[in-house]
Amino acid sequence: MADSPVGARASDNAARRRGARAGFALLLLALAWPLGRVSAQIIKWKSQDSVAGGPHYEAYVGATVRFNASLDDYGLQGSYTFNPVNIDTLFAADRDDNLLSFDLRQTRIKFGGTVRYEKFGAIESYLETDFVGPNGATTLRLRKAWVDFKGVRIGQETTTFGVQQGSAPTTADFDGPPTGVTTRSGMIRYRRKLESGLQLMASLETPKVDVAYLDFFAPDIRATDQRLPDLAVNASKAGDWGYISLSALVREIRFRTTTSGVSEAESVVGYGANLVGGFRVFKSEAKADVLYYQLIAGEGLGRYLVSLSGQNADALPDPASGGLNAVPAFGGYIAYERRWTPRFFSTLIGGGNILENEVAPTLADRFKTTLVMFNSFYQPIPAMKIGGEVDWARKNTFTEVEAEALRYYLVVHYDL
Numbered sequence: 147m148a149d150s151p152v153g154a155r156a157s158d159n160a161a162r163r164r165g166a167r168a169g170f171a172l173l174l175l176a177l178a179w180p181l182g183r184v185s186a187q188i189i190k191w192k193s194q195d196s197v198a199g200g201p202h203y204e205a206y207v208g209a210t211v212r213f214n215a216s217l218d219d220y221g222l223q224g225s226y227t228f229n230p231v232n233i234d235t236l237f238a239a240d241r242d243d244n245l246l247s248f249d250l251r252q253t254r255i256k257f258g259g260t261v262r263y264e265k266f267g268a269i270e271s272y273l274e275t276d277f278v279g280p281n282g283a284t285t286l287r288l289r290k291a292w293v294d295f296k297g298v299r300i301g302q303e304t305t306t307f308g309v310q311q312g313s314a315p316t317t318a319d320f321d322g323p324p325t326g327v328t329t330r331s332g333m334i335r336y337r338r339k340l341e342s343g344l345q346l347m348a349s350l351e352t353p354k355v356d357v358a359y360l361d362f363f364a365p366d367i368r369a370t371d372q373r374l375p376d377l378a379v380n381a382s383k384a385g386d387w388g389y390i391s392l393s394a395l396v397r398e399i400r401f402r403t404t405t406s407g408v409s410e411a412e413s414v415v416g417y418g419a420n421l422v423g424g425f426r427v428f429k430s431e432a433k434a435d436v437l438y439y440q441l442i443a444g445e446g447l448g449r450y451l452v453s454l455s456g457q458n459a460d461a462l463p464d465p466a467s468g469g470l471n472a473v474p475a476f477g478g479y480i481a482y483e484r485r486w487t488p489r490f491f492s493t494l495i496g497g498g499n500i501l502e503n504e505v506a507p508t509l510a511d512r513f514k515t516t517l518v519m520f521n522s523f524y525q526p527i528p529a530m531k532i533g534g535e536v537d538w539a540r541k542n543t544f545t546e547v548e549a550e551a552l553r554y555y556l557v558v559h560y561d562l
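Mapping of the sequence shown onto our numbering: position 310 corresponds to residue 456, and the numbering continues sequentially without gaps.
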């Protein structure tokens, strides 16, 4: 196993990093006070006439102002989020350089409204944007946009295969735990809540495919159009004890092969299951500790995982079989949130994932990652959080190369 660069740093590099961290801490303390007082407003409007037990029309405009400061100590300077899959295992010369960055790209603007009719009931709509553009650009981006009527939601929303509201631990990192499923997808979804409190959902979602077709490796296997939507289903239940959600996914990944000059469309099936939840250790407000957990497994679902999205981890061309092999992926996390006071809490998170495809190990499609996060947040008012986080991760590749990464965060978050 290759030596990790962590143990091989020279003393002058260590001293330089300690100095950078000290300067970073002082600068963030200076910034935290004025930024903590950032003001945001929300506009609410309701019509005077009443229909079906509520205002005929109502609408609101909201905002989340989020300032992020981060310091990369080593290993992940090229990644906006702390994704262990992106850890530099080639040991570039600058992987030990300190990288300090500030941004407000995660600031969000939200619009929502409801219209009520006597015969048809309520029609709800929502739109949400942020400024996380591609390749580090600060440009307006659509996050969510949907219309909901009688349990049918049409638009772009967090995938039904993913984490539902309130079931994941708070993190400073934008993506959260590495095996989380927060992908947003175009969809048609139906939701129904039973008298027992059990909520059921099913959705047809955009069939995006995350596969690298390599001419030098498998020239007769190439991309083609997708014909069927991804099918995701979910069952969840919440109570004063906590929250539990079980989701399943099945999808078709189509590709095209050429044999003896004849081109044919073929497909491979992707599938998986995702269990997430939170258990309230104490049920009183004075002691509101929560144990969060997630376990995910399947094949051909790479694009749905936070850590594997964009990594060509859905499937891999296999020249021996003349088709695609859906890549097996496994992962999960466990987190404990300790509520020290009603306004101050800390969270410890541990997790990781494994990518197991052995079709062509030289293409780096077989590795495992481990991650630990620790953060603390203070809420001077319910709508504001000020906190810091330390993230550490390790990546092990098929060639037994081991590399690590370390990052520090400070976040000022004001939510309406």
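Backbone N, C-alpha and C fix where the C-beta goes; we use that ideal spot for every residue, glycine too.
| Check | Outcome |
| --- | --- |
| May I ask which residues mark the beginning and end of the beta strand (DSSP E) holding L421? | V408 to R426 |
| Check P315 in the structure and name its three-state DSSP category. | coil |
| Between which residues of its own chain and G468 is the CB-CB distance below 8 angstroms, once the five residues before and five after are set aside? | D366, I367, T403 and T405 |
| Which two residues bound the contiguous beta strand (DSSP E) that contains Y555? | E548 to D561 |
| Near A178, what residues of its chain come up, given a Cβ to Cβ distance below 8 angstroms and the 5 sequence neighbours on each side ignored? | Annotation note: pLDDT 37 at A178 (below 50); position unreliable, no value reported. |
| Assess, as a yes-or-no matter, whether the region 468-483 is touched by the region 446-455 under the definition of 3 or more beta carbon pairs within less than 8 angstroms. | yes |
| To the nearest angstrom, how far is the alpha carbon of G534 from that of G326? | 20 angstroms |
| Reducing DSSP to helix, strand and coil, say where V327 ends up. | coil |
| If we ignore side chains and look at the alpha-carbon of each, how far apart do A318 and A268 end up? | 36 angstroms |
| Along the chain, where does the beta strand (DSSP E) containing Q440 start, and where does it finish? | V436 to E445 |
| What number of angstroms, rounded off, separates the C-alpha of W387 from the C-alpha of V422? | 14 angstroms |
| Closest to L447 by C-alpha separation, out of D435, D460, Y438 and Q440, would be which residue? | D460 |
| Are the beta-carbon atoms of G221 and R241 separated by less than 7 angstroms? | yes |
| Is V231 helix, strand or coil by DSSP? | helix |
| Measure the beta-carbon distance from S349 to T306 and round it to whole angstroms, keeping in mind my assumption that it falls under 8 angstroms. | 4 angstroms |
| Starting from the C-beta of T545, find all residues in its chain whose C-beta is less than 6 angstroms away, skip the five residues before and the five after it, and write them out in chain order. | none |
| Checking 7 angstroms against the spacing of the C-beta atoms, do I500 and Y439 come in under that value? | no |
| Leaving aside the five residues before and after L236 along the sequence, list all residues of the same chain whose C-beta is less than 6 angstroms from its C-beta, in chain order. | none |
| Buried or exposed for D338, please, with buried defined as at least 16 other CB atoms from any protein chain shown within 10 angstroms of its CB. | This sequence places Arg at residue 338; Asp is not what is there. Flag for R338 reads exposed. |
| What did DSSP end up calling Y226 once you bin it into helix, strand or coil? | coil |
| Cα separation between Y389 and S382? | 7 angstroms |
| Between the Cα of F425 and those of E483, P463 and A466, spot the shortest distance and give me the residue it belongs to. | E483 |
| Can you check whether the CB of L517 is closer than 7 angstroms to the CB of A551? | no |
| Are the CB atoms of T370 and R400 nearer to each other than 7 angstroms? | yes |
| Can you tell me where the beta strand (DSSP E) holding I188 begins and where it ends? | It is not in any beta strand (DSSP E) - I188 carries neither H nor E in the DSSP assignment. |
| Where in the region 449-537 do unbroken runs of the alpha helix (DSSP H), each at least 4 residues long, occur, reported from the N-terminal end onward? | none |
| Which same chain residues, not among the five before or five after H202, have their C-beta less than 8 angstroms away from its C-beta? | S193, D195, S196, V261 and R262 |
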